[in-house]
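Chains as they are written, first to last, in our numbering: chain A, 33 to 789; chain B, 204 to 276. All C-beta atoms in this analysis are idealised placements derived from N, C-alpha and C, irrespective of residue type, glycine included. Bear in mind the structure is a predicted one, so any value in this text is a computation, not a measurement. See structure below.
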């Protein structure tokens, strides 16, 4: 591969000698650098950069050979799944800014946002689970080995000295499992109990403690060999379930907030001198400079230049809005065109966009604490088990008093909802993988249960129902334009950076191009030039100077005049995603379907054909309206699924019971949500909703199965027959059969759902 | 029979070595990324001799004979 790149004039490594200007100048700021570096040791610095462009194995090769491009780089390593590269380099030889510019020049531009400035602790958590799993597995394996002799020894048993030795070794190994591996379950049960809530961890903890204390008592008093094998095995299986369930999509982020969108630094102008400062240090009345394609991070007032603000981040509407001097500009917009200067109105955490975000934040947290199905059952389960145990103990007190206590613990041991605790992680974990294979990525397994309860669906329009990058261009006028005229239009349009001009020139890509003279662009209005002595004008109706006649509100239009004669207009319409009509039709049979669009009602006619209930279709909704709309639906007691795409839906997505983002590229930025759905699988949405219901039903059936095991086990325990070997057989059988059942059942249901049309 | 006690302790020690190895491997991040190493091992080594074709990029020219040390940290 190395020679491949060398022989072919570096086809992949196009080292453009780009001028980045001051784009990455903020990386020279010591304070910012300090926060970005992972560590700094003498000459060497290490930094981990997120590079969205990583997509193939050649990317890995190239990025891991950065040291051939610059001697200052000593080592680089790619984490493909996370799309990250860790670079170790000598700061004396190549500064961070040069490094980033080098990466950008080979088209691997790293994405450095406010998010990078926060501490990262996620990594540690997943490792903790692996450590716990390792300890539990180690103990389980050894204890099983030392317990087997007893199982097969038959009537006479093994030599007492050896048996005692085994027992003490078992005890020794079980202690770290209880203290370390099982800690989360015990702590969570304890915390919940303090708040008067019972969750699944409560019956599990009761079982764990009963198992452990009974075993310790038996071993120390030399009355038996305890149940340490069952105890460690149980914890081991529980942790495996947790690990299986926790495996999430590392490269996808579901919890993005405005920090992931905002740059770290901005250019501030102090006494006419440009200075780069961190965004969080911006104060009211600071003067800032925003260049082409830069994001405006705070609410501000325009003081210099012509602002053409693209608010697509916030509203989903991609046509830039023109702003004049002294007009307020809200955070989240992107400047298109010349550099502008602004005076800061509000600091970053008080800006309108951040406020909207923080307002909906409560919604996200509320979602997490929703009582799920298992937690509701757990409460009753614990009460029933404790009463059975107490009743049994009282009864045995009269039959055989000395055994009463040990039978009490035996009941608790056998009632420990091992199978119950495993069925959720394995069935939902499997469903999550099934969804993932079908282009639907969910944040965690709780989403499956939330999805199954949905009865109302709210759609966004722009970018969700419509494709975000494709538009239908059509011409309207007295007569069709000639090829020459079309070529004129194309030649003019390709000189402009306005999105509509870009689309138009792409639409007319087959036409010839001419040399332009006297090209003039009036931002926000239109363009003009002369070609072959003809005067061509493209732009808004006022620019062309025609009365806005028979104008259908909504559709974006570009008007054309040649030599002062108005010829007609090109109109741009959003193209709807494939299969949308069918999907909406299907969904309306079972769910209440709503539409909230940030756009004007230009497409009302078409949409009303699809949506059966007129009162459910709303236009001109700003982000806050969307949030309030969903809140009002929820107040009516509805379970709302919101489907959106952009930052303008962020409030709604967070407020809804389940928020799903539609994405053309799942690795692109998407607002905080519960799930990301690939746009080409959008038409399968109803299948996914149905499948989530099947998953929940499978879990319910598995609960029944594990309940049957519990009843059998209770039979042994109540009658005083529970020996370690019975426990050691019953526990794995029940667990394995439940795990097998849920895994097979979910896979079969997925197959059936794929087959059905 | 007493040899059994010794052997059991030895077996426990051996297995704890494996536990230690596991903990070490998690700590050094070997479980963090399960995909990249599978691709990385397929990359060719750097040619030890300078290739005959001339190198078009000046930047890499001076360094392309330098060997790559790819330690996994």
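Range covered by the alpha helix (DSSP H) that runs through residue i
| i | result |
| --- | --- |
| residue 574/A | 573-576 |
| residue 145/A | That residue, residue 145/A, is in no alpha helix (DSSP H); it is neither H nor E in DSSP. |
| residue 242/B | 239-243 |
| residue 277/A | 260-278 |
| residue 109/A | Premise fails: residue 109/A lies in the beta strand (DSSP E), 105-111, not in any alpha helix (DSSP H). |
| residue 515/A | 515-525 |
| residue 213/B | 205-230 |
| residue 729/A | 717-750 |
| residue 198/A | 192-208 |
| residue 122/A | From DSSP, residue 122/A is part of no alpha helix (DSSP H) but of the beta strand (DSSP E) over 116-122. |
| residue 437/A | 436-447 |
| residue 133/A | 128-137 |
| residue 250/A | 233-252 |
Continuous beta strand (DSSP E) stretch holding residue i: start and end
| i | result |
| --- | --- |
| residue 316/A | Counting along the chain, residue 316/A falls outside any beta strand (DSSP E), and DSSP gives it neither H nor E. |
| residue 297/A | 297-302 |
| residue 460/A | Premise fails: residue 460/A lies in the alpha helix (DSSP H), 450-469, not in any beta strand (DSSP E). |
| residue 73/A | 71-73 |
| residue 607/A | 597-608 |
| residue 710/A | 707-710 |
| residue 675/A | 672-676 |
| residue 666/A | From DSSP, residue 666/A is part of no beta strand (DSSP E) but of the alpha helix (DSSP H) over 655-667. |
Check whether residue i and residue j have beta carbons under 7 Å apart
| i | j | result |
| --- | --- | --- |
| residue 143/A | residue 84/A | yes |
| residue 271/A | residue 162/A | no |
| residue 217/A | residue 451/A | no |
| residue 775/A | residue 458/A | yes |
| residue 331/A | residue 362/A | yes |
| residue 603/A | residue 508/A | yes |
| residue 189/A | residue 439/A | no |
| residue 616/A | residue 642/A | yes |
| residue 504/A | residue 569/A | no |
| residue 125/A | residue 104/A | yes |
| residue 328/A | residue 300/A | no |
| residue 239/A | residue 448/A | yes |
| residue 474/A | residue 707/A | yes |
| residue 341/A | residue 353/A | yes |
| residue 98/A | residue 90/A | no |
| residue 589/A | residue 598/A | no |
| residue 749/A | residue 436/A | no |
| residue 446/A | residue 746/A | yes |
| residue 235/A | residue 414/A | yes |
Chain-order list of residues whose beta-carbon lies under 6 Å from that of residue i (same chain, five-residue window excluded)
| i | result |
| --- | --- |
| residue 123/A | 77 |
| residue 176/A | 261 |
| residue 254/B | Legend: pLDDT at residue 254/B = 46, less than 50; position of this residue unreliable, value from coordinates given subsequently. Once the five neighbours on either side are set aside, residue 254/B has no close Cβ partner at all. |
| residue 57/A | 308 |
| residue 116/A | 80 and 82 |
| residue 43/A | Confidence in residue 43/A is poor, its pLDDT being 44 and thus under 50, which makes the residue's placement unreliable; the coordinate value appears in the next sentence. The answer is none, since no qualifying residue turns up. |
| residue 267/A | 168, 209, 213 and 214 |
| residue 709/A | 472, 692 and 694 |
| residue 394/A | Residue confidence for residue 394/A is low, a pLDDT of 48 falling below 50, so the modelled location carries little weight; the figure read from the coordinates is stated next. So the list is empty, once near-sequence residues are dropped. |
Whole-Å CB distance - residue i paired with residue j, under 8 Å assumed
| i | j | result |
| --- | --- | --- |
| residue 594/A | residue 566/A | 6 Å |
| residue 121/A | residue 131/A | 6 Å |
| residue 207/B | residue 194/A | 7 Å |
| residue 536/A | residue 518/A | Not a contact, Cβ separation roughly 10 Å. |
| residue 338/A | residue 369/A | 7 Å |
| residue 496/A | residue 677/A | 5 Å |
7 Å Cβ shell around residue i - same chain, five flanking residues per side excluded
| i | result |
| --- | --- |
| residue 375/A | 317, 319, 332, 333 and 335 |
| residue 553/A | 528 and 559 |
| residue 770/A | 451, 454, 455, 734, 737 and 738 |
| residue 297/A | 58, 61, 64, 308, 309, 310 and 311 |
Sequence-distant residues of the same chain with beta carbon closer than 8 Å to residue i, five excluded per side
| i | result |
| --- | --- |
| residue 498/A | 606, 607, 608 and 609 |
| residue 359/A | 333, 334 and 339 |
| residue 315/A | 376 and 379 |
Are the stretch 257-265 of chain A and the stretch 192-202 of chain A in contact at 8 Å, needing three or more beta carbon pairs?
Taking a cut-off of 8 Å for Cβ pairs, the stretch 257-265 of chain A and the stretch 192-202 of chain A touch, as three or more such pairs fall below it.
Stretch-stretch touch, CB-based, cutoff 8 Å, three pairs: the stretch 514-530 of chain A with the stretch 541-553 of chain A:
These segments touch.
Between the stretch 665-675 of chain A and the stretch 482-494 of chain A, do three or more beta carbon pairs fall short of 8 Å?
Verdict: yes, contact present.
Spell out a yes or no on whether the stretch 456-472 of chain A and the stretch 729-738 of chain A are touching, meaning 3 or more CB-CB pairs, one atom from each, closer than 8 Å.
Taking a cut-off of 8 Å on C-beta distances, the stretch 456-472 of chain A touches the stretch 729-738 of chain A, as three or more cross pairs fall below it.
Would the stretch 206-222 of chain A count as touching the stretch 420-427 of chain A if we require 3 or more Cβ pairs under 8 Å?
When C-beta atoms of the stretch 206-222 of chain A are compared with those of the stretch 420-427 of chain A, fewer than three pairs fall below 8 Å, so the two segments do not count as touching.
Cβ contact check for the stretch 772-788 of chain A and the stretch 755-763 of chain A: 3 or more pairs under 8 Å:
As far as the Cβ criterion goes, the stretch 772-788 of chain A does not touch the stretch 755-763 of chain A, which means the pair count is below three.
Three Cβ pairs or more, each shorter than 8 Å: is that satisfied between the stretch 167-181 of chain A and the stretch 218-230 of chain A?
Judged by Cβ distances under 8 Å, the stretch 167-181 of chain A makes no contact with the stretch 218-230 of chain A, as fewer than three pairs qualify.
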